[in-house]
Amino acid sequence: MLSDELCVLLSEFLQFSEYKVTIRCVSRANLHHLQQFLHGQPRDSPHAAIQALDVALRESPSLKYISVPFLHSLFQQDLVLLELPTIYVTVSRSFFCKQFGSDKIGGGLEYWSGYYQSLRPTQMGLSLNIDVCSTAFYKSITVVQFVKECLGVRNPAQPFSDSDRLKIKKALRGVRVKTTHQQGKTSIYKITGVTSTPPGDLKFIWNEGHQLTVVQYFEQRYKYQLQYTTWPCLQSGSDSNPIYLPMEVCQIIQGQKYPRKLSGAQVASMLKATCRRPQEREQNIIDRVVHNNYSADALAMSFQITVANQMANLPARVLSPPTLKYHESGTEKTVVPNVGKWDMINKKIVKGGKVRSWTCINSSWLRPGLVNSILKGLVRACNSIGMDFGPVTEVKSASLDCIEDVVREVHNNAPNLELLVVIIPNDKGHYGKIKRLCETDLGIVSQCINPERKKNNQYFANIALKINVKVGGRNTVLERAFVPNEIPFDIPTIIFGADVTHPVAGDDSSASIAAVVASMDWPEVTTYKALISAQAHRQEIIHDLFCPSTDPEKGTSVNGGMIMELLTSFFKRTGRKPARIIFYRDGVSEGQFSHVLLHEMDAIRKACVALQHDYLPRVTFVVVQKRHHTRLFPDTSGNVLPGTVVDTNICHPSEFDFYLCSHAGIKGTSRPAHYHVLYDENGFSADEMQTLTNNLCYTYARCTRAVSVVPPVYYAHLAAFRARCYNEQAEGNDGGPPGLRMLPQVKDKVKEVMFFC
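Quick note on numbering: UniProt numbering labels position 527 of the sequence shown as 527, and the sequence is numbered without any gaps.
So this is what it looks like as structure tokens:
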């Protein structure tokens, strides 16, 4: 007999708690409404019905997997988990298993392979979206071994520096470990911090007021002689009731996902290990579907769900690449990209920047001869593409510890400096310091060069393209930019790109960063200005798009915000008011579509009216999604061609969306961008919107390739990343979390150019 109440017993650290669970019907999933929705009839999305069917389809695979909390509870009950044949872990909508594929990626981490599964409404009906994926996990090793790999420690007797301790604290916070010093007995602890004192000096009260160090306690209580007495202890429990754990008696429990941002080296290792060619990825996906055997799933069958073992066949078309225009002085004045790429041979940039006063600071291990060789290569590359680039004014050397002082000295000696080139190792911390100092304090345009990169002609050419737009130049334009009656060149148009980046998982205090860029030229649409702002932790709505305020003295409205500033800048640069706004918005999940559209469209409207009461340009609002699991595989081998677009079958049953693979796959399987037109006052046809978006992808300033997402979104992402550097430096200066600290303002001289490139 079924009951609406049941008791559940949960364990946590060997303490069992009983909970009474009440189950009651709150709504019924209407499958008739779902059928109407899938047939394209206008109505609200039946989320409840889709979610219910998704849960039903995930149930059987989920029974094979172990959630992380249950994994830990098995350890707590002294079960020998490592003797189980396979350990599976669920992370959100993905399932991971070490046996699917695993390897070390450095820093005490390893990747596990798995697969993603989700039920989606499409024009074909309900479709099962499955893709192979990988993510980083902690290696199940001793904490001592983890520290050695994380810090590169070779001498165990060497004490920790403050930066070492903070790095380990950040890396291990929230991780569960088991103790190994008691034979036949295991205890589980969750790490909350790392002590500032080593176990030989760390004292606590034990046994009726007797004070002992941690080293003495382990000797007396467990007859255990600690070896790593200069290393700090792990801390568990609360600050008021701490538990101190020497690192050498702790082992990391298997199956814990690494929640923080990977280093560049770890990302490179993971990509190298998990990168799959299209045919291999396609076969992996099919193998996973066959292995899951959905057709024999009793629960799925009870819902009358059947899943085919083949991928969906769908029509696609390939958009032609645009013709790009270069300067008339070059041998080649135009170029038609071939398979999404081209080069700068025999071409001159449309508008070359002029740099006569520039300095180089060398903070690397490179000898003066190599530095001079690099600078000569840079000058040669800049001049060869059409810049007016003079020889270096001064070359200075500086250690990383004093580089900020040297930058200030250079600025004081040359206040009209046009460019600062810094040769600096691949060190994110010092890179952020330089960018924050140059762009928000001194007002200097800067370019960093990594001494470890291979210095060939292509490298210098790419650096030259970046420098040119940073000093106010323009690299290329679409040839049809001056053809009347072609979008967006028919009427004055401003194109926005917006993105909000959030702190990495595990960071529960840092501010989110919003970045908005907008085109500042028309009809060329290649030069962009960026604005950045900090906002509440993990807030997705961009708060500063429109900022109403009142003059406290006059009592009049003094409105502002990002949209107003960018529209005003466009008018100053072009002498025209935009009659059309195209707003590309990145980073929005489907569940947030309506919320973001409502608030941000309202902000755009208010900003326009605040500039002029009858100013109502037509707006098209497009969400761009890159982090999805839809993959396109051609009938033949290899990746789909650049310009491949799909707007049927796998797209939304009734809304305006399409998948566009605008770039050529360099390595692995190309991932198309998903464009969802949420609001369109301009009345674009599907062909017009797709062609415009594809053409813009060939105007990215930093390289001679079509990029995977529309450039204004790419630029917004770069600007937000730059602002994150500013905020991280502010955090490091006072030792506390950045929270809602205001970002430092970018100097006007820098803000007016594409400093973020």
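The C-beta atom is built at its ideal place from N, Cα and C for all residues, glycine as well.
In this text, all values refer to a predicted model and were calculated from it rather than measured experimentally.
Cβ-based burial, residue i [other Cβ within 10 Å; buried from 16]
i: S92; result: exposed
i: A136; result: buried
i: C150; result: buried
i: Y19; result: exposed
i: S17; result: exposed
i: Q447; result: buried
i: F756; result: buried
i: M754; result: buried
i: R474; result: buried
i: L401; result: A small correction: the amino acid at residue 401 is Asp; Leu does not occupy that position in the sequence shown. Exposed, by the Cβ-count rule.
i: H39; result: exposed
i: E452; result: exposed
i: S195; result: Note that residue 195 is Thr in the sequence shown here, rather than Ser. T195 should be labelled buried.
i: N727; result: buried
i: P46; result: buried
Between the CA atoms of residue j and residue i - distance to the nearest angstrom
i: T693; j: V596; result: 21 angstroms
i: P42; j: Q36; result: 8 angstroms
i: L245; j: S569; result: 58 angstroms
i: I513; j: L718; result: 11 angstroms
i: I141; j: I467; result: 46 angstroms
i: I349; j: T476; result: 6 angstroms
i: I424; j: L696; result: 33 angstroms
i: S62; j: V89; result: 9 angstroms
i: Q690; j: T122; result: 19 angstroms
i: V646; j: S670; result: 14 angstroms
i: I449; j: E394; result: 16 angstroms
i: Q225; j: I191; result: 22 angstroms
i: Q158; j: K148; result: 11 angstroms
i: K354; j: E328; result: 18 angstroms
i: S594; j: T630; result: 22 angstroms
i: M742; j: S533; result: 7 angstroms
i: Q310; j: C133; result: 19 angstroms
i: V558; j: L545; result: 14 angstroms
Where residue i falls: helix, strand or coil (DSSP)
i: D44; result: coil
i: G735; result: Note that G735 scores 43 on pLDDT, short of 50, meaning its location in the model is unreliable and no value can be drawn from it.
i: L366; result: coil
i: T122; result: strand
i: N129; result: strand
i: I434; result: helix
i: Y294; result: helix
i: C7; result: strand
i: D647; result: coil
i: H628; result: coil
i: I345; result: coil
i: L84; result: Caution applies to L84, whose pLDDT of 46 falls short of 50 and renders its modelled position unreliable; the value that the coordinates give is listed next. Note: L84 maps to coil in three-state DSSP.
i: G101; result: strand
i: H595; result: helix
i: K572; result: helix
i: K529; result: strand
i: E655; result: coil
i: V558; result: coil
i: Q117; result: strand
Same chain only: Cβ atoms within 6 angstroms of residue i, ignoring 5 sequence neighbours per side
i: T180; result: V249, Q251
i: T331; result: N346
i: T186; result: K178
i: V407; result: L437
i: S269; result: I105, G106
i: E282; result: F633
i: I385; result: M344, I349, A464
Residues of its chain near residue i, where Cβ-Cβ distance is below 8 angstroms and the 5 sequence neighbours each way are ignored
i: K341; result: A664, T704, R705, A706
i: M601; result: V619, F621, Y679
i: Y431; result: I424, C448, C725
i: R356; result: D388, G390, E418
i: K169; result: G193, V194
Interface flag, residue i vs chain C, CB-CB below 8 angstroms
i: P199; result: Looking for chain C here will not work: only one protein chain is present.
Beta-carbon contacts of residue i that lie in its chain and below 7 angstroms, excluding the five residues immediately before and after
i: V709; result: V624, K626, A673
i: R24; result: D4
i: Y138; result: G108, L109, V175, I252, Q256, Y258
Closer than 7 angstroms: residue i CB and nearest the ligand MN heavy atom
i: S446; result: The ligand MN is not part of this structure, which contains no ligands at all.
Inside the UniProt domain "PAZ" (142-254) only - alpha helix (DSSP H) runs reaching at least 4 residues: The UniProt domain "PAZ" (142-254) contains, as complete alpha helix (DSSP H) runs of 4+ residues, the segments 143-151, 162-172, 214-222 (chain order).
Uninterrupted alpha helix (DSSP H) stretches inside the region 667-724 (no shorter than 4 residues): Restricted to the region 667-724, the alpha helix (DSSP H) segments that are unbroken, complete and at least 4 residues in length are 686-696, listed in chain order.
Alpha helix (DSSP H) runs wholly inside the region 437-525, at least 4 long, in chain order: 457-470
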